[in-house]
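Okay, structure first, notes after.
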Amino acid sequence: MEKRRAWQRIPRFKTYQFVGLAAVEFLMSFTFLGYIHVEPISITVAYLPILLAGCFLGVWQAAAMGLFFGLASMYKASAYYVMPTDMIFSPFLSGFPLGSLLLSIGTRALFGWLVGVLFQLGRRTRHPRACAGVISLLAPKLHSVLVYSAMGLCFPALGYDFTSALHVAANDAFLALLCLVVVEAAWSLEGREELRHFGAYLDQGGGLEQQARELHWAWLVFLGCILGAAIASTFYFAQRMSYMLGVHGLELSPEVNHDLLHLQLQSLFATAALVFFLAVCLLLVYKYFSYRAYVGQMDAVTGTMGRKMFSRYCEQWLEAKDSARARGGWFLLLDVDYFKAINDALGHPAGDLVLKKVAQALLDIFSPLGSAGRMGGDEFAMLLTSPVPEAELRQLLERFQEETAAILPAPEKVTCSIGGCRFTRSLDMQALYAQTDRLLYAAKRQGRACYVLGSVGQAAAEDEGDSI
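Letter by letter, the sequence shown follows residues 1 to 468 in full-length UniProt numbering.
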């Protein structure tokens, strides 16, 4: 259970980023996208997703990306057509399996962990972006040092060691510059305000939980169908290719058959990575349009949900059937006392500021427990989706009243009348709203600047509510 809760605490936006980068890592590793041919050599840039994961996600994400890179390089080195120096990355062909695992997987995972740690330390400095740039410039050389050191340790006969990585060539400058440009471009993108708001929207659920679950299940079914078809076609064409060559009188050795299947599987992995990447992109595009619609329904003054959006949210939450809903919660309604007098005395800009700060106080205190909306004018509502004990709710309401009282400079004082209705079963939204509204007006009749708590089915008379 604790592991599950820890996973649920990982922001959703970072999860999407991690899955997308993992798909890009495999796509680059299994295609020409991860390699740049500069005669007479070929250099890899397949560790770029590792740098992005280390800079923007975290240490373990970067280490995992390094692990993916290592697995891909180990698989590619396991074909009989590769050069002898490449075979040392394969535990099946090198003659020293443990050394190959250390070289292909261990060095890449260690590289990811190291750059993740360096980026995290750099973010704690006074100039985090400059530090990120320096780390990006040094990352290719760090990768080379780790790989050549492992080669010298595990396969000394080849004549390589860490000093082999210290030579500086033109391609080293090119790689360093490429890493710098990619990380700096991603840093600029991360700093865009709209992207931060979109990320916060996804982290808060990206809409209703039920809709999100249904969308993710549809996404998984889609991926399963695509991958199933790709796997079936891969093995089919590998078998038919061998059969076709046999029909033409070409008998293939076991090694050639192995390499044909190896290439087909490599194509499958690249296709699967591309499908995953496109699926994540499509999902994010869908979420982005949902976000735009969400922003359009938000209240422009307070930043809370508008009446229509909040009512629909409450209706869908109350109608859903699961154990969390069965435990019930609280529905709160509040009015800002004498708000018209504030507008008349201080002006409408000051009135808007009061509404904004009242909404902010609501969100600061109650957002871990539920969601808020502006019902119109100076009226707000809050659906607390947790069965908060009444004593705890009283403490939170007292704190809320204290914060709102300090919104305007003395001697002015902002107060609110609040009605709170507890419900312990599925209930029609209109009925819940009506009962809570009666409790709100009971608070007003008792002199305002107070709250009255009740429960579903309880009479709305003042003496049947509990006021402070």
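Glycine included, every Cβ here is placed at the ideal spot set by N, Cα and C.
Please state whether DSSP places residue i in a helix, a strand or coil.
{"i": "T85", "result": "helix"}
{"i": "C281", "result": "helix"}
{"i": "A173", "result": "helix"}
{"i": "L396", "result": "helix"}
{"i": "A361", "result": "helix"}
{"i": "R192", "result": "coil"}
{"i": "G58", "result": "coil"}
{"i": "A460", "result": "Because the pLDDT of A460 is 43, which lies under 50, any placement of that residue in the model is unreliable, and the number read from its coordinates should be weighed accordingly. Here A460 sits in coil by DSSP."}
{"i": "S371", "result": "strand"}
{"i": "F30", "result": "helix"}
{"i": "V275", "result": "helix"}
{"i": "E2", "result": "Residue placement at E2 cannot be trusted, given a pLDDT of 39 that sits under 50; what the coordinates show is reported in the next sentence. Helix."}
{"i": "L71", "result": "helix"}
{"i": "S149", "result": "helix"}
{"i": "S104", "result": "helix"}
{"i": "S233", "result": "helix"}
{"i": "H262", "result": "helix"}
{"i": "A79", "result": "coil"}
{"i": "Q401", "result": "helix"}
{"i": "S311", "result": "helix"}
{"i": "G20", "result": "helix"}
{"i": "Q120", "result": "helix"}
On a CA-only basis, which of the options is nearest residue i? Give me that one, please.
{"i": "G66", "options": "S290, M382 and S104", "result": "S104"}
{"i": "R196", "options": "F56, P254, G112 and Y243", "result": "F56"}
{"i": "G106", "options": "S78, C154 and A300", "result": "C154"}
{"i": "V134", "options": "V182, P97, V145 and I88", "result": "V182"}
{"i": "A157", "options": "V221, F222, P84 and A186", "result": "P84"}
{"i": "residue 469", "options": "V145, K141, N343 and A200", "result": "In the structure as shown, the chain starts at 1 and stops at 468, and residue 469 therefore has no counterpart that could be examined."}
{"i": "S371", "options": "L363, D378 and G377", "result": "L363"}
{"i": "L71", "options": "S417, Y47 and L52", "result": "Y47"}
{"i": "C416", "options": "S455, A431 and A361", "result": "A361"}
{"i": "M309", "options": "C281, M375, A359 and P254", "result": "M375"}
{"i": "residue 511", "options": "R307, L265, V82 and I418", "result": "The structure shown does not extend to residue 511, since the chain is modelled only from 1 through 468, so no value can be given for it."}
{"i": "P254", "options": "H248, Q239, Q266 and L268", "result": "Q239"}
{"i": "W113", "options": "Y441, W60 and V145", "result": "W60"}
{"i": "A442", "options": "L333, P409 and F235", "result": "L333"}
For residue i, which residues of its own chain have a beta-carbon under 7 Å away from its beta-carbon, when the five flanking residues on both sides are left out?
{"i": "I365", "result": "L396, R399 and F400"}
{"i": "Y201", "result": "Y291 and Y294"}
{"i": "S90", "result": "M74, A77, S78 and S100"}
{"i": "F92", "result": "S78"}
{"i": "C131", "result": "G122 and T125"}
{"i": "D335", "result": "D378, E379, C416, S417 and L440"}
Given the structure, does residue i come close to the ligand ADP, in the sense that its CB is under 6 Å from one of the ligand's heavy atoms?
{"i": "V19", "result": "Ligands are entirely absent from the displayed structure, and the ligand ADP is therefore not among its contents."}
Considering only DSSP beta bridges, list what residue i is partnered with.
{"i": "Y35", "result": "T44"}
{"i": "W330", "result": "L384 and R422"}
{"i": "Y294", "result": "Looking at the DSSP assignment, Y294 forms no beta bridge with any residue, so it has no partner."}
{"i": "S417", "result": "D335"}
{"i": "A63", "result": "Answer is none; A63 lacks a bridge partner."}
{"i": "G224", "result": "Note: G224 sits in no beta bridge, so no partner."}
{"i": "G376", "result": "E379"}
{"i": "E305", "result": "Reading off the sequence shown, one finds Met at residue 305, where the question assumed Glu. Answer by DSSP bridge pairing, in chain order: M298 and G373."}
Closer than 6 Å by C-beta to residue i: which residues in its own chain qualify, once you throw out the five before and the five after it? Chain order, please.
{"i": "A150", "result": "L102, L103 and T107"}
{"i": "G58", "result": "none"}
{"i": "F237", "result": "none"}
{"i": "G373", "result": "T304, M305, F310 and A381"}
{"i": "V19", "result": "V280"}
Less than 7 Å between the C-beta atoms of residue i and residue j, yes or no?
{"i": "G447", "j": "L384", "result": "no"}
{"i": "W217", "j": "L283", "result": "no"}
{"i": "L318", "j": "L393", "result": "no"}
{"i": "A186", "j": "L52", "result": "yes"}
{"i": "F269", "j": "F32", "result": "no"}
{"i": "D203", "j": "R12", "result": "yes"}
{"i": "A272", "j": "L227", "result": "yes"}
{"i": "T302", "j": "A359", "result": "yes"}
In chain order, what residues of the same chain lie with their CB nearer than 8 Å to the CB of residue i, ignoring the 5 residues before and after it?
{"i": "G351", "result": "F339, I342 and N343"}
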